[in-house]
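Just so we're aligned, residue 84 is where the sequence shown starts under the working numbering, counting upward by one.
Built from N, CA and C at the ideal position, the CB exists for glycine as well.
Input: a single structure, listed below in structure tokens.
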Amino acid sequence: MNLTDVMRDIAARLATIDDSWSVYPYPPGTVSAPAAVVSYPDTYTYDATYGRGSDELTLTVALVAGRVHDESTRDQLSTWLAGTGDTSVKAGLEADEGTYTAFDSIRVAGVEFDSATIGSNTHMVALVEVRIAGQGGQ
């Protein structure tokens, strides 16, 4: 798998999920909420199957929502993190899996929560764990 192509494919799909956010195919210098940021892989495993049959990677998509203390932030995260629905990140990334060109399979495995200071405000961030598998040797 080619890392650049994987990150671009994921960003392109995220752009179809919610038209209110900015989508970044790699971590930018600055971010304005709402946003979805495709981060570099936490792990990249070669030769997951015999020979160069397949590689696997796990990366994080950071969903930057509103300010921590705003009720609307909770409501926005609820739609993004639902298991189904038009603005569900899990459903959107896993839908039509065969249409990705940079990899063969994708699974949204879980989410952790954190906060980040952007400007003078503290924003909620949902860190979505995404597992990818694709052909080795590419």
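- Taking all protein chains shown into account, Gly-166 has fewer than 16 neighbouring C-beta atoms within 10 Å of its C-beta and is therefore exposed.
- The beta carbon of Thr-205 is closer than 6 Å to those of Val-151, Ser-198 in its chain, skipping five residues each way along the sequence.
- Under a 10 Å Cβ-count criterion, Ala-178 is classified as exposed, with fewer than 16 other Cβ atoms of the shown protein chains found around its own Cβ.
- The shortest C-alpha to C-alpha distance from Ile-189 to any of Ala-216, Thr-200, Gly-168 is the one to Ala-216.
- The beta carbon of Ala-148 sits closer than 8 Å to the beta carbons of Ala-116, Pro-117, Thr-156, Gln-159, Leu-160, Trp-163, His-206, Met-207, Val-208, Ala-209 from its chain, once the five residues preceding and following it are set aside; these are given in chain order.
- DSSP, reduced to helix, strand and coil, places Val-151 outside both helices and strands of the structure shown, so it counts as coil.
- Excluding residues up to 5 positions away in sequence, Ala-94, Leu-97, Ala-98, Ala-119 lie with their Cβ nearer than 6 Å to the Cβ of Val-106 in the same chain.
- By the criterion of a C-beta distance shorter than 6 Å, Tyr-127 is surrounded in its chain by Leu-140, once the five residues flanking it on both sides are discounted.
- If you draw a straight line from the Cα of Pro-110 to the Cα of Ala-145, it is about 9 Å long.
- For Glu-212 against Thr-143, the beta-carbon gap comes to about 6 Å, under 8 Å, which counts as contact.
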